[in-house]
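Worksheet: one structure, shown below.
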Amino acid sequence: MAVYLISYDIKEYNKEDDAKVIRQLTTMGAVRCLLSEWLLISGEKVGVVARRVQSELKNGDRLLVVQVGGGAYANLLNEVASVAILNQAK
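Below, the structure written as structure tokens:
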């Protein structure tokens with residue numbers, strides 16, 4: 680299992696598009712750690728994870744998916760769940 684940090688920007692922001700991405704991320708089991716950053720534990724390869732999220736984005740939207748191998752953090756949203764995921768990346 681790998682821990683991924685997923686970050687996205689919606690070029691022309693609207694709540695409906697954001698809700699689609701959030702729904703996809705929560706369906707995948709991701710936990711929101713910052714406003715548009717999510718943590719995910721998955722057995723899938725990084726490209727598969729990226730394609731699943733990208734399926735809900737439009738042309739011009741941005742996506743970054745990286746495998747996490749540790750890190751530092753402070754004042755995360757959903758801090759208990761976020762920290763539990765980050766601790767698995769060590």
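When you read off a place in the sequence shown, starting at 1, and then add 679, the result is the number in my numbering.
From the three backbone atoms N, C-alpha and C, an ideal C-beta is built for every residue, glycine too.
Legend entry - DSSP-derived helix/strand/coil call for Glu716: strand
Inset, instruction - Provide the residue span of the alpha helix (DSSP H) that contains Ser761, from first to last. - result: Glu758 to Gln767
Inset, instruction - Just the C-alpha distance for Tyr692 and Asn766, rounded to the nearest angstrom, thanks. - result: 32 Å
Legend entry - Contact under 8 Å by Cβ, Val784 with Ala768: Look at the range of the chain in this structure, 680 to 769, and you will see that residue 784 is not part of it.
Legend entry - Assigned secondary structure, Leu736 (DSSP; H/G/I helix, E/B strand, else coil): coil
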